[in-house]
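Read the structure below first, then the notes.
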Amino acid sequence: MVVDEFVLQLILIAAINFLSAFLQAVSGFGYAMVAMTLMPFVLPMRYCSAISAVTVVAIGVQMVIILRKSIDLKIVALPIISAFLTINLGIYLLMTFEDIILKVILSGLIFFLTGFFFYCQKNRIELKKTTFNSVFFGLLTGVSTGMFNIVGPFFLVYYMNITNNTLAFKASMEFSFLMAGLYSSVMHIFYGNISTVTLPFILSSVFASLIAGIFGIKIFKRIDRRRISLMIYILLPLLALMLLMKT
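Following this line, the structure appears as structure tokens:
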């Protein structure tokens, strides 16, 4: 039996998003980094970014409902507002560059974030909740969100340093994902990236991600998130190399 190419693409995109959302639920970040590294093997980059944006909203809604009592708006407000200021720039760059250039940029960003993560771990960098840090990490996140819907890495380092417990950290991350995803999704509609072409992929991705979230959040409370984060950052450079080889 020959599987229709569209059906195969649909299955692959759903599987990628299930895996990515599961890692997100378990570790508190990583959805877009994994999804946006793997999905371009199947679909054009701008479609992948649109699918990721809407899926991030679905994941965010699910997790925010679960963790709503642990959200502290005083912590997340300024970083999120700052991210809004540069999301448009990121989407503009996404629509301006060709796929091959975007894949090179994404791969470079993955390598940079991997080095950034290990540097922070090795040197035990401790950040304080200051206006500068909130704005700085928010602006960086806005650009990476607009281009690739990568919300987590910069916020991960910031929130991990300024939150008091695991649930507060995860609640801050997930609320930030939701807000950035909503804004990014609206802009993708404006740019025409969310349409009848991408809708089937979006729906399958959202469904797969919500199922993954149910399983992942149960595991989150029982594991060492730093160990999972380490595993993700070891895997990502390998995926980035594969992406470069495909260009």
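When you read off a place in the sequence shown, starting at 1, and then add 708, the result is the number in the working numbering.
For glycine and all other residues, C-beta sits at the position ideal for the given N, C-alpha and C.
- Task: Could you have a look at R930 and say whether DSSP puts it in helix, strand or coil?
- Result: Position 222 of the sequence shown, counted from the first residue, corresponds to residue 930. Three-state DSSP puts R930 in coil, outside helix and strand.
- Helix, strand or coil for I779, going by three-state DSSP, please let me know. The sequence position of residue 779 within the sequence shown is 71, counting from 1. If DSSP states are grouped into helix, strand and coil, I779 belongs with coil.
- Query: CA-CA distance, C756 and T763?
  - Reply: In the sequence shown, counting from the first residue as 1, residue 756 sits at position 48. In the sequence shown, counting from the first residue as 1, residue 763 sits at position 55. Going from the Cα of C756 to the Cα of T763 covers about 10 Å.
- Task: Within the segment 798–875, note down every full alpha helix (DSSP H) run reaching 4 residues or more, in order along the chain.
- Result: If only complete runs of 4 or more residues are kept, the segment 798–875 shows the alpha helix (DSSP H) at 807–831, 839–856 and 860–870, in order along the chain.
- Item | Pairwise C-alpha distance: I902 and M953 | Numbered from 1 along the sequence shown, position 245 holds the residue referred to as residue 953. Numbered from 1 along the sequence shown, position 194 holds the residue referred to as residue 902. Each residue's CA atom was taken as its position, placing M953 and I902 some 28 Å apart.
- Use the C-beta contact count for L746: other C-beta atoms within 10 angstroms, 16 or more gives buried, fewer gives exposed. Residue 746 sits at position 38 when you count from the first residue of the sequence shown. Buried, since its Cβ has 16 or more Cβ neighbours within 10 Å.
- Would DSSP call T745 helix, strand or coil? Residue 745 sits at position 37 when you count from the first residue of the sequence shown. T745: helix per DSSP, three-state reduction.
- Item | Cβ-based burial, F826 [other Cβ within 10 Å; buried from 16] | Start at 1 with the first residue of the sequence shown, and residue 826 comes out as number 118. The residue is exposed, with fewer than 16 neighbouring Cβ atoms inside 10 Å.
- Query: Under 8 Å between the Cβ atoms of T853 and A876?
  - Reply: Here the question's residue 853 lines up with position 145 in the sequence shown. Here the question's residue 876 lines up with position 168 in the sequence shown. In this structure, the beta-carbon distance from T853 to A876 does not fall below 8 Å.
- Sort S728, A791 and Q717 by Cα distance to S892 and report the nearest one. As a first step, residue 892 is located in the sequence shown; it is residue number 184 there, counting from the start. The shortest C-alpha separation from S892 is found at A791.
- Go to L718, then tell me how far its alpha helix (DSSP H) extends in each direction, as first and last residue. Locating residue 718 in the sequence shown gives position 10, where the first residue counts as 1. Element bounds for L718: E713 to S735.
- Query: Smallest Cα separation from L775: which of V905, I922, A948 and K837?
  - Reply: On the sequence shown, residue 775 is found 67 positions in, with the first residue counted as 1. Nearest C-alpha to L775: I922.
- Query: Under the rule that 16 or more other beta-carbon atoms within 10 Å means buried, what is V865, buried or exposed?
  - Reply: Start at 1 with the first residue of the sequence shown, and residue 865 comes out as number 157. A buried status is given to V865, since no fewer than 16 other beta-carbon atoms sit within 10 Å of its beta-carbon.
- Query: Taking the C-alpha atoms as reference points, what is the distance between Q927 and S760?
  - Reply: As a first step, residue 927 is located in the sequence shown; it is residue number 219 there, counting from the start. As a first step, residue 760 is located in the sequence shown; it is residue number 52 there, counting from the start. The sequence shown places Ile at residue 927, rather than the Gln named in the question. Each residue's Cα considered, the two are about 23 Å apart.
- Query: Okay, do the segment 802–816 and the segment 910–919 touch, 3+ Cβ pairs below 8 Å being the bar?
  - Reply: Taking a contact to require three or more Cβ pairs closer than 8 Å, the segment 802–816 and the segment 910–919 do not qualify as touching.
- Query: Under the rule that 16 or more other beta-carbon atoms within 10 Å means buried, what is M709, buried or exposed?
  - Reply: Here residue 709 refers to the residue found at position 1 when the sequence shown is read from its first residue. A caution first: M709 carries a pLDDT of 43, below 50, which makes its placement in the model unreliable, though a value can still be read off. Per the 10 Å Cβ criterion, exposed.
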